[in-house]
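Student:
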Amino acid sequence: MNVTKGTIGWIEVICGPMFSGKSEELIRRLRRAEIARQRVQIFKPAIDRRYAQDQIVSHSDLRIRSEAVSNAAELQARVDVRAEVIGVDEGQFLGPELVEVATRLADMGKRVLIAGLDTDYLGRPFHPMPELLAVADEIMKTLAICMQCGNPAKHTQRLVASSDLIVVGAEGMYEARCRRCFEPNLAAVHAATATTIPD
Ligand code: ADP
Ligand code: ZN
27 MNVTKGTIGW IEVICGPMFS GKSEELIRRL RRAEIARQRV QIFKPAIDRR YAQDQIVSHS
87 DLRIRSEAVS NAAELQARVD VRAEVIGVDE GQFLGPELVE VATRLADMGK RVLIAGLDTD
147 YLGRPFHPMP ELLAVADEIM KTLAICMQCG NPAKHTQRLV ASSDLIVVGA EGMYEARCRR
207 CFEPNLAAVH AATATTIPD
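By the numbering used here, the letter at position 140 of the sequence shown is numbered 166, and the numbering carries on one by one without gaps.
1. Please report the straight-line C-alpha distance between I171 and G42, rounded to a whole angstrom.
2. If you measure between the beta carbons of I90 and L143, is that distance less than 7 Å?
3. Would you decide whether T33 is buried or exposed? Buried here means 16 or more other CB atoms lie within 10 Å of its CB.
4. DSSP three-state call for T33: helix, strand or coil?
5. Which runs of the alpha helix (DSSP H) spanning at least 4 residues fall entirely within the region 50 to 109, listed in chain order?
6. In terms of DSSP beta bridges, what is L169 paired with?
7. Please name the residue, chosen from N211, E201, E100, that lies closest to C175 on a Cα-to-Cα basis.
8. My output table needs one value for L124: the three-state DSSP class, helix, strand or coil.
9. Considering V161, what are the terminal residues of the alpha helix (DSSP H) in which it resides?
10. If you draw a straight line from the alpha carbon of E157 to that of D190, how long is it in whole angstroms?
11. Can we count M173 as close to the ligand ADP, meaning its CB is less than 6 Å from some heavy atom?
12. Give the range of the beta strand (DSSP E) segment to which Q183 is assigned.
13. With respect to 6 Å, is the separation between the Cβ of R55 and the closest non-hydrogen atom of the ligand ZN below this value?
14. For the beta strand (DSSP E) that Y200 lies in, which residues bound it at each end?
15. For S84, count neighbouring Cβ atoms within 10 angstroms of its own Cβ and tell me buried if that reaches 16, exposed if not.
16. Is R206 near the ligand ZN, judged by its Cβ being under 6 Å from some heavy atom?
17. Less than 7 Å between C-beta atoms, sequence neighbours within five positions excluded: which residues of the same chain meet that for F45?
18. If you run the structure through DSSP and keep just helix, strand and coil, what is L212?
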């Protein structure tokens, strides 16, 4: 990011649908900070147990160590005062307080990087990502590839029947879709017919 003077902090947000490369981009930036010998601390929500409790793992199997926390308050409590860079994956799962916590950490002079889903399985803004985009210094919106037609994909299509906001999963449960191929009612349709799409 920009060349800065002194120890000014800032917030970078990386958002987009599943499979769009958010974790890859986050890991890339955090690795570069480590190469620059900065003190880096990385968090992810405990709810996300898909691959490992103590690592962020991208769908392309890039990995970086991380600490699991239940919410933004716990994240703040675990921050090492000496940390210069704070990385957070799956920010949409850490609650509304993440906005205040990220702002406070940036005001303390830390570089805060947050990746997360910008919209949910119905295409609605996934809080608190919209608020984080508003307070961020820099934002990146990533796109995936539509699994139906190959166009740029901004949506996360849920393939299994559930009206719960949070159903943690990856391949088989979700796929990336473009605007044209996105079917937000698919989960409801399958719920009505009591069928699920197998992996
Ligand atoms: P995110 O954190 O946004 O879910 P990841 O960084 O974990 O994304 O994974 C991105 C990687 O997923 C891509 O580099 C590619 O290897 C793989 N991938 C699988 N399905 C898709 C897709 N539909 N579009 C783009 N990349 C995909
Ligand atoms: Zn499409």
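Think of the CB as a built atom: it goes at the ideal place given N, C-alpha and C, for glycine as much as any other residue.
Tutor: Looking at the atomic coordinates:
1. 12 Å
2. Their beta carbons are not under 7 Å apart, which means I90 does not touch L143 by this criterion.
3. exposed
4. Coil at T33, not helix or strand.
5. 98 to 104
6. None; L169 has no bridge partner.
7. E201
8. If DSSP states are grouped into helix, strand and coil, L124 belongs with the helices.
9. 155 to 161
10. 22 Å
11. yes
12. 181 to 184
13. no
14. 200 to 203
15. buried
16. yes
17. Closer than 7 Å at Cβ, skipping near neighbours: H85, A170, A202.
18. helix
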